[in-house]
Amino acid sequence: METWKLWINGEWKEAARTYELKSPYSQEAIATVAKADEEDVKQAIEGAHEAFLEFRKWPAYERAELLYRAVDLIEARKEELAQLLVKEAGKPIKTARGEIDRTIATYQFSAEAAKSLSGETVPMDAAPGVTDRIGWTKREALGVVAAITPFNFPSNLVAHKLGPAFAVGNTVVLKPATQTPLSSLALAEIFKEAGLPDGALQIVTGSGSELSDPLITNDLVKKVTFTGSVPVGLDIKSKVGLKKLTLELGSNSALIVEPDVPLEKIMPRAVTGAFGFAGQVCISLQRVYVHDDIYDEFVDQFVAETEKLQVGDPADESTDVGSMIHPGEADRAMEWIEEAKKAGATVRTGGGRVQNGIAPTVMTDVTPDMNVVCMEVFAPIVTIMKYSDLDEAIDLVNDSEYGLNAGIYTRDIESAMKAADEIEAGAVIINDIPTFRVDNMPYGGVKMSGYGREGVKYAIDGMTELKFITVKTTF
Ligand SMILES: NC(=O)c1ccc[n+]([C@@H]2O[C@H](COP(=O)([O-])OP(=O)(O)OC[C@H]3O[C@@H](n4cnc5c(N)ncnc54)[C@H](O)[C@@H]3O)[C@@H](O)[C@H]2O)c1
Ligand SMILES: O=C[C@H](O)CS(=O)(=O)O
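Using our numbering, you'd call the opening residue of the sequence shown number 407 and step up by one each time.
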């Protein structure tokens, strides 16, 4: 079994403690991983600060070249990196390959962004009496960024932190999810080979609750960027003081289906949105609001399409839905299904345990107070509800603590624009599922879904400081 160490100052470093990583699917031990302590975190931050003093001087061209070299190295190891996702996250191999393709795109966007970082001129003479000044802004790197990432996209969501940080000359101390550190650790040597200075990427693995405080409260850390659950996000927000902060948190994403759309055309996509990576996606389709006129037909078609999914071993090329990240999570999701059933919900398909996950589950006759509707389910469970007019549907979508992505299918431009204006979300996706994301679009939530935006160019806004400079042109 492999043993993975910490990555500090460009070298592997043994930690005093280790933990055992298990396969989410088979529950067999797959690796031994270093468990960092407070001292390791301190050393990582100090090393990252030292590295920043040099890295900040790199010209944009060289930062871009570094990221392009990393892209080439990831391309060359694509299959190996996809297999790591299968191993540590239980992600089906087809989905895992898609994540590595997106990771490559994210680093490519970051390389391009490095070359287009710019400021603007300020029309100083627009202020009364100011005729002899030129003013402009520039964006400057911040220093050490603390990045804490979740288990569900161990490669691409790390890229959304490292790419923008390196594009502008920041250095990073990364704390990957406890269950999925391997994809991050694999990056260590990739970035070293690409030419990243030692210390500019530090990787500390172990327990989030132990490592978070020493990481996010250290004065040398200038920015905290966290992707994960709401309770942890709130805890981090209460501790970071005036440091810059981005929080990409949970959701229970909704889709409205108006009566004028061709159901057979949208069905495969809708089902993918609900069950991709066993619903363990922050923008997974959890709540579907379907117009009365097409409700029964929609449910029938959705169930039939769901039953085509192959459930099984994530390493198998034909698997669509694998296991969940932890048996305890599958138990929790099963409890929510059972509670809902007792309160009157109907399971149209699925509803039972399969290996270390649950079968893709479609529920109807649900009410807004059921956990499967109002909480973030983060499991392969979708609920389908009726509405009779668009105002009602929008109110139902907005009846949530969360607001990340939302979707609407309609051919009617007025309905589409009304939804775009009135839905409370970071993004409204017209004629596609809320699970749509490409890596250069602004991405982030409102309400409990978060604070700040990612999507390389937008992440860079939060990873730089705006500085204003003015010259008086006469004495
Ligand atoms: N909005 C987004 O972009 C986005 C993307 C992916 C996942 N998510 C959300 O992430 C959640 C699932 O991921 P998860 O289970 O890995 O989340 P999590 O909050 O349990 O863990 C995320 C990270 O925080 C660390 N952590 C755990 N406890 C901590 C603590 N007390 N203090 C500081 N750090 C701690 C973990 O080790 C991990 O690295 C879901 O809620 C999902 O919606 C959001
Ligand atoms: O889990 C949430 C992720 O942000 C989804 S995606 O990988 O960015 O599409």
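Just so you know, even glycine gets a beta-carbon here, dropped at the ideal spot from N, CA and C. Since the structure is predicted, the reported quantities are computational estimates derived from the model, not experimental observations.
What does the alpha-carbon distance come out to for the pair residue i and residue j?
| i | j | result |
| --- | --- | --- |
| T678 | Q692 | 11 angstroms |
| N658 | V536 | 52 angstroms |
| R759 | A520 | 47 angstroms |
| A765 | K448 | 44 angstroms |
| F515 | M530 | 33 angstroms |
| M407 | L427 | 10 angstroms |
| I622 | I829 | 33 angstroms |
| W418 | K411 | 6 angstroms |
| E616 | Y701 | 48 angstroms |
| K645 | S618 | 10 angstroms |
| L802 | A435 | 44 angstroms |
| A826 | L653 | 23 angstroms |
| K598 | A565 | 15 angstroms |
| Q585 | K824 | 42 angstroms |
| F572 | R738 | 39 angstroms |
| E670 | I819 | 21 angstroms |
| D641 | W742 | 25 angstroms |
| T879 | R539 | 6 angstroms |
| F681 | N837 | 19 angstroms |
| F883 | N846 | Look at the range of the chain in this structure, 407 to 881, and you will see that residue 883 is not part of it. |
| T752 | F842 | 28 angstroms |
| A812 | K500 | 25 angstroms |
| T712 | Q608 | 42 angstroms |
| V779 | V772 | 7 angstroms |
| G850 | T770 | 29 angstroms |
| F951 | N415 | With the chain running from 407 to 881 in the structure shown, residue 951 is simply not present. |
| E420 | A442 | 9 angstroms |
| S524 | L872 | 10 angstroms |
Return the residue from the list the options that minimises the CA-CA distance to residue i.
| i | options | result |
| --- | --- | --- |
| E595 | R475, G504, K567 and R545 | R475 |
| G647 | D625, L655 and E654 | D625 |
| Q716 | P786, I866, L490 and A583 | P786 |
| R675 | I540, L412, P840 and F559 | P840 |
| N777 | K581, K748, V551 and I700 | K748 |
| V610 | W742, A450 and Y793 | A450 |
| A865 | F632, S432 and M730 | F632 |
| N804 | G763, A660 and R843 | A660 |
| L580 | V574, N558, G858 and V550 | V550 |
| S590 | D867, Y808, V439 and I790 | V439 |
| D867 | A547, S821, K643 and A532 | A547 |
| Y467 | L491, E456 and E518 | E518 |
| E485 | G504, Q585, T880 and G656 | G504 |
| I814 | D666, M847 and A822 | A822 |
| A684 | V696, T767 and Y695 | T767 |
| D507 | T527, E481, G525 and A532 | E481 |
| E703 | I835, I672 and P430 | I672 |
| T555 | Q489, L487 and V630 | V630 |
| T870 | M781, K628 and A470 | K628 |
| T424 | S432, T409 and Y431 | T409 |
| Q686 | P560, I800 and V574 | P560 |
| G639 | Q761, E723, G858 and D797 | G858 |
Tell me whether residue i is buried or exposed, calling it buried when 16 or more other Cβ atoms sit within 10 Å of its Cβ.
| i | result |
| --- | --- |
| V877 | exposed |
| T512 | buried |
| D446 | buried |
| P534 | exposed |
| P774 | exposed |
| V783 | buried |
| S690 | buried |
| R817 | exposed |
| S729 | buried |
| A710 | exposed |
| L568 | buried |
| A422 | exposed |
| T789 | buried |
| T543 | exposed |
| I510 | buried |
| D478 | exposed |
Please name the residue or residues paired with residue i in a DSSP beta bridge.
| i | result |
| --- | --- |
| I540 | V877 |
| Q608 | V579 |
| M769 | V753 and T789 |
| I836 | I814 |
| E654 | T633 and G856 |
| H697 | Y793 |
| K441 | R423 |
| K428 | A435 |
| P474 | For the record, residue 474 in the displayed sequence is Tyr; it is not Pro. None; Y474 has no bridge partner. |
Answer yes or no: does any C-beta atom of chain D fall closer than 8 angstroms to that of residue i?
| i | result |
| --- | --- |
| A822 | Among the protein chains of the structure shown there is no chain D, as only one such chain exists. |
Quiz item: When the Cβ atoms of the segment 488-501 are set against those of the segment 451-464, are three or more pairs found closer than 8 angstroms?
Solution: no
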